[in-house]
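Chemist: Got a structure for you, questions after.
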Amino acid sequence: MTSELAEFIGYFMGDGSLHAKGLRLCVAKGDDDVVERLVDLGAALFGSTPRPRRSRAIPRSRSTRAANYVVEACGFTKLPPSAEHSGKGWHAHIPDAVLHTERPRVYAALSGGLFEADGTTNNGYVS
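In the working numbering, the protein residues as written are 1 to 127.
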């Protein structure tokens, strides 16, 4: 597990979803540096450049099918909602492959990607 892959998985867990044509990662409007980082990560990890596009004023980055295969095969997908749940409800989690690395750089990269994708601070506390 590399720190780059962990960072990518953090972004995915924070605000990503799987689709037939690739992964979809949503990025807040104006976060062009994040879009650029996702493009760089996609190229480095999967050998192809994700195609950023704008949809409803939210920049999105769609990666290749190769990213789907890696995410699914390595158990990096979000966990499905319970049977009683309605609407969107897939659960983000820390994949076992990340937990078992015992490498602080990998943990930090996943946390950084997750925070960048869907984190905030409230009264000085990270959530």
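Even glycine gets a Cβ: it sits at the ideal position worked out from N, Cα and C.
Where DSSP assigns a beta bridge to residue 121, which residues make up the other side?
Modeler: Looking at the DSSP assignment, residue 121 forms a beta bridge with 126.
Chemist: Considering only residues of the same chain and omitting the five flanking positions on each side of residue 120, which have a CB-CB separation below 7 Å?
Modeler: Result list for residue 120: 127, in chain order.
Chemist: Going by beta carbon distance, what residues of the same chain come within less than 6 Å of residue 105, once the five residues before and after it are set aside?
Modeler: Cβ neighbours of residue 105 beyond the five flanking positions: 3.
Chemist: If distances are taken between C-alpha atoms only, which option among 77, 96, 84 and 116 comes closest to residue 19?
Modeler: Checking every option, the nearest Cα to that of residue 19 belongs to 77.
Chemist: Which one of 93, 32 and 25 has the shortest CA to CA distance from residue 42?
Modeler: Selected option, being the one with the closest Cα: 25.
Chemist: Residue 111 to residue 7, Cα distance in whole Å?
Modeler: Their Cα atoms are separated by approximately 7 Å.
Chemist: Sort out for me which residues DSSP pairs residue 18 with in a bridge.
Modeler: Paired residues: 23.
Chemist: I'd like the ranges of any alpha helix (DSSP H) spanning at least 4 consecutive residues and lying wholly in the region 94–119.
Modeler: Complete alpha helix (DSSP H) runs here, min 4: 96–99 and 104–118.
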